[in-house]
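Under the working numbering, the residues of the sequence shown are numbered 16 to 471, in order. Using N, Cα and C, we set each Cβ at its ideal position, and we do this for glycine too.
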Amino acid sequence: MTPFEVGLLMTGVLLVLVVLGVRVAFAAAFTGLVGLIVLFSLKMGFSKGFFVALQMAGTIPHSKSVTYALSVLPTFILIGFLAFYAGFTKQLFEAAKRWLGWLPGGMAVGTVFSTAGFAAVSGASVATAAVFARVAIPEMLAAGYSKRLSAAVVAAGGTLASLIPPSAILVIYAILVEQSVGKLLIAGFLPGVFSALIYVGIIVAVAAWRGDAPPVGGFTWKERFESVPGTLPIIAVVAIIFCSFFFGLATPTEAGSLGAFVVLVVAFMKGMRTKQLGQALHETAKLTVMIFTLIWGVLVYVRFLGFAGLPDAFKDFIVALDYSPWVVMVCILLAYAVLGMFMDAIGMLILTLPVVYPAVMALNGGEGVSAADSAFGMSGEACSIWFGILVVKMAELCLITPPIGLNCFVVSGVRPDIPVQEVFRGCVPFFVADVLTIAGLLAFPSIITILPELMA
């Protein structure tokens, strides 16, 4: 059996394990370890190959966990949990309601902007959906909104956390493909705003057509301006993170730590107790350990793939296809849409990027290609950033599509009176909005690349 055949076999085993419900981290670690044992046993016999494989797999957790770039993850996660336990979400939603409620579907529009604002300090789609299912849905229902639209707005709005910095999934992408964390995070800002604006356009159009989302008025200008101070902590954190990245004032970890400090100080000023701080730290630790475990397990599998030669074989196959690079790129994104129906976003990216990313870069002309000589009209670094945002947006799309649609299940779980089927039906217009967003990012890559190119 050749290494390539071993690679295909173990990849098939991995897919079967994932479909059977085994956690991605453990399924990937198991198949990677077994694959390494088989490969080294073929070369040097079982007794020696077994121990060589164990030694190689055993070094991965330590060697990868001491990477400085990974230290940004717990700081970003901590910002989100501190903001949640400090009650910033209610103040953000109240301000959005007072300023935007007069529009058709105004409270839904306000929900989109408030989820986008919370996404700028949380970086977690599921957490954003869970929080606003408690905060926004009761108020929309009380204002006469349909359950379907109210739940769908929260589920779709929560997906914005995947793009708007700080985004945990973009950090993981940057680490896996060895690109600048700061540039990837900055690159997600305009696409996130672009996606939010398309959501708003869809909401206004649907509300005007169906009439199931009446405008909410009656707020004076004084009441509107009185709601602004409650949003200032979130605005401050966004400004700190954005300016730190854009002007090169601090590393992502330093910016995340400073942002967490600002949120912590404001939270204590607003009455947060040590018990709530302990809960935020506990939740941060749990989520951080989960992500690190996932990374460790998948990197064992990635090491095996390298020895099996699958990334190079797939790259050669993609480059040899007799189709336009743009057609191939669309097919790759469609494959992600299908895969995302059965896997969570982080696991999907970690498992596929070691094989797909080199193929996309080769399709464009290579890592060091100039914009003039490339297939997509952008340099190797710009293509890496562009592809990262596209893939993460595809992961967002999968958060509101059946059968997995994690955000839809989260919203239905928080609101048992709204069946998950209703949430999925309500998300259909937002699915269309996401398709339009992806088409726009494919047609106008500068939406993604312009800010990273301007960075100091």
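query = Using CA coordinates, which residue listed in Leu93, Val141, Val81 and Ala151 is at the minimum distance from Ala110?
reply = Ala151
inquiry  = Could you give the first and the last residue of the continuous alpha helix (DSSP H) run that contains Ser461?
reply    = Ser461 to Leu469
query = What is the rounded straight-line gap between the Cα of Ala176 and the Cα of Leu57?
reply = 46 Å
Span of the alpha helix (DSSP H) around Gln436 = Val435 to Gly441
key: Under 7 Å between C-beta atoms of Phe41 and Gly271   = no
ask   = Taking the C-alpha atoms as reference points, what is the distance between Pro18 and Val375?
value = 23 Å
inquiry  = With three or more C-beta pairs closer than 8 Å as the rule, is the segment 156 to 163 touching the segment 131 to 145?
reply    = no
key: Cβ contact (3+ pairs, closer than 8 Å) linking the segment 444 to 462 and the segment 408 to 417   = yes
ask   = So is Thr82 buried or exposed if we call it buried at 16+ other beta carbons inside 10 Å?
value = exposed
ask   = Which residues in the same chain have their Cβ closer than 8 Å to the Cβ of Leu107, if we skip the five residues on either side of it in sequence?
value = Ser129, Gly132, Phe133, Gly245, Thr246 and Ile249
message = Among the candidates Gly50, Leu29, Phe234 and Leu24, whose CA atom is the shortest distance from the CA of Trp117?
response = Phe234
query = Is the beta carbon of Tyr316 sitting closer than 7 Å to the one on Ala43?
reply = yes
ask   = Since Leu456 contacts Ile462 with CB under 8 Å, what's their CB separation in whole angstroms?
value = 6 Å
query = Which whole-angstrom value describes the C-beta separation of Leu191 and Gly203, a residue pair presumed to lie in contact below a C-beta threshold of 8 Å?
reply = Between Gly203 and Leu191 the Cβ distance is about 16 Å, and since that is not below 8 Å, they are no contact.
query = Rounded to a whole number of angstroms, what is the C-alpha to C-alpha distance between Tyr188 and Gly36?
reply = 24 Å
message = Rounding to the nearest angstrom, what Cα-Cα distance links Val124 and Val215 in this structure?
response = 6 Å
ask   = Relative to the C-alpha of Gln194, which residue among Pro444, Ser399 and Phe424 is closest?
value = Ser399
inquiry  = Can you look up Ser140 in the DSSP assignment and give me helix, strand or coil?
reply    = helix
query = By a C-beta neighbour count over all protein chains shown, 10 Å radius and 16 as the cutoff for buried, is Met25 buried or exposed?
reply = buried
request  = Would you tell me roughly how many angstroms separate the C-alpha atoms of Val334 and Pro326, rounded to the nearest one?
outcome  = 12 Å
request  = Report the three-state DSSP secondary structure of Met358 (helix, strand or coil).
outcome  = coil
ask   = Would you report the Cα separation of Ala157 and Thr143, rounded to the nearest angstrom?
value = 21 Å
task = Label Glu437 either buried or exposed according to how many other C-beta atoms from any shown protein chain fall within 10 Å of its C-beta, with 16 as the threshold for buried.
result = buried
Length of the line joining the Cα atoms of Arg38 and Pro340 = 34 Å
query = Just curious, the alpha helix (DSSP H) that Tyr338 is in, first and last residue?
reply = Unbroken run through Tyr338: none, as it is neither H nor E.
ask   = What are the boundary residues of the alpha helix (DSSP H) that Glu193 is part of?
value = No alpha helix (DSSP H) contains Glu193, which DSSP labels as neither H nor E.
ask   = So what does DSSP say about Ile179, is it helix, strand or coil?
value = coil
request  = Indicate the three-state DSSP secondary structure (helix, strand or coil) for Met59 in the structure shown.
outcome  = helix
request  = State the DSSP-derived secondary structure class of Phe108, mapped to helix, strand or coil.
outcome  = helix
key: Expected contact under 8 Å - CB spacing of Thr104 and Val146 to nearest Å   = 5 Å
request  = Could you tell me the distance, in whole angstroms, from the CA atom of Thr268 to the CA atom of Ser86?
outcome  = 6 Å
query = With C-beta atoms as the reference, is Ile415 less than 7 Å away from Ala171?
reply = yes
key: Own chain residues within Cβ distance below 8 Å of Ile217, not counting five before or after   = Pro444, Phe445, Val447 and Ala448
key: Three-way DSSP call (helix, strand, coil) for Ile415 in this model   = coil
Three-state secondary structure (DSSP) of Leu35 = coil
inquiry  = Along the chain, where does the alpha helix (DSSP H) containing Tyr100 start, and where does it finish?
reply    = Val87 to Tyr100
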